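Spelled out as structure tokens, the structure:
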């Protein structure tokens, strides 16, 4: 793939919570699979619904190890006219739900060149994505078509189904603006991730000075406490406001509301 110009963004490990045992006992149980997430080039644009993934993960950043069931079970498992499993490697809808929700938006086209039982199309239809499936086995084609015909998604409503973060559409507010307008004051102490052992003082020039003497923007000061990892200071710095920890983003929102 790299020889073709693709750029690897992540390799995701799908850890199966109920893997099929190796009954012969001659090798390890196959308990995971690797998913490759790639863009068409290093500078190519791609979709990643970061906030939606945080929502699925109890408001924590989604990691690249996904603990999900390995088998489609119950009503989800497709069977033929004899009651036998219709497809030996039918993927669980939970896996495709996460893949499609994270990397596409309503109206986008999702391609599955090995359509099989049609799980990709089924989830895409439920989430109001368009889809293209390629399959050469006629039995699987009939199976997938019947499955898809039975799916009636809820009526599309943009407010409900479009989970793209709206933060990018909001007007930018520099941290210095909060000082200039009195929402924050020089000399106030901020706490990194509510941790009172990791503090920083607001300087008049809108930089922060950490407890160990580092000076920089709210983002760079946060990155300093994260050993150089990228940091969004708006979400990670908190002010103790009458005994309640309030993140900087709340003060930014207050300014926007004030300005109408």
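Numbering (the UniProt record's numbering), first residue to last: 1 to 260.
For each residue, glycine too, the CB sits at the ideal point set by N, CA and C.
In this text, all values refer to a predicted model and were calculated from it rather than measured experimentally.
Quick one: Cα of residue i to Cα of residue j, how far?
| i | j | result |
| --- | --- | --- |
| residue 18 | residue 31 | 8 Å |
| residue 232 | residue 249 | 10 Å |
| residue 192 | residue 115 | 47 Å |
| residue 150 | residue 82 | 20 Å |
| residue 134 | residue 240 | 56 Å |
| residue 29 | residue 159 | 44 Å |
| residue 184 | residue 157 | 39 Å |
| residue 153 | residue 130 | 12 Å |
| residue 2 | residue 181 | 50 Å |
| residue 258 | residue 164 | 25 Å |
| residue 197 | residue 176 | 25 Å |
| residue 88 | residue 96 | 17 Å |
| residue 54 | residue 63 | 9 Å |
| residue 246 | residue 104 | 32 Å |
| residue 223 | residue 16 | 34 Å |
Could you please give me the residues that DSSP links to residue i through a beta bridge?
| i | result |
| --- | --- |
| residue 10 | 37 |
| residue 245 | 240 |
| residue 32 | 15 |
| residue 63 | Answer is none; residue 63 lacks a bridge partner. |
| residue 85 | 79 |
Which one of the options has the shortest CA to CA distance from residue i?
| i | options | result |
| --- | --- | --- |
| residue 51 | 247, 237, 101, 226 | 101 |
| residue 190 | 133, 225, 255 | 225 |
| residue 12 | 117, 227, 98 | 98 |
| residue 75 | 67, 85, 9 | 85 |
| residue 219 | 211, 172, 237, 80 | 237 |
So what does DSSP say about residue i, is it helix, strand or coil?
| i | result |
| --- | --- |
| residue 206 | coil |
| residue 134 | coil |
| residue 50 | helix |
| residue 192 | strand |
| residue 197 | strand |
| residue 69 | coil |
| residue 219 | helix |
| residue 112 | strand |
| residue 45 | coil |
| residue 173 | coil |
| residue 103 | helix |
| residue 1 | coil |
Give a yes or no on whether the C-beta atoms belonging to residue i and residue j are separated by under 8 Å.
| i | j | result |
| --- | --- | --- |
| residue 40 | residue 6 | yes |
| residue 203 | residue 186 | yes |
| residue 108 | residue 120 | no |
| residue 72 | residue 91 | yes |
| residue 234 | residue 252 | yes |
| residue 200 | residue 221 | yes |
| residue 178 | residue 117 | no |
| residue 290 | residue 125 | Nothing about residue 290 can be reported from this structure: the residues present for the chain run from 1 to 260 only. |
| residue 10 | residue 37 | yes |
| residue 44 | residue 69 | no |
| residue 23 | residue 106 | no |
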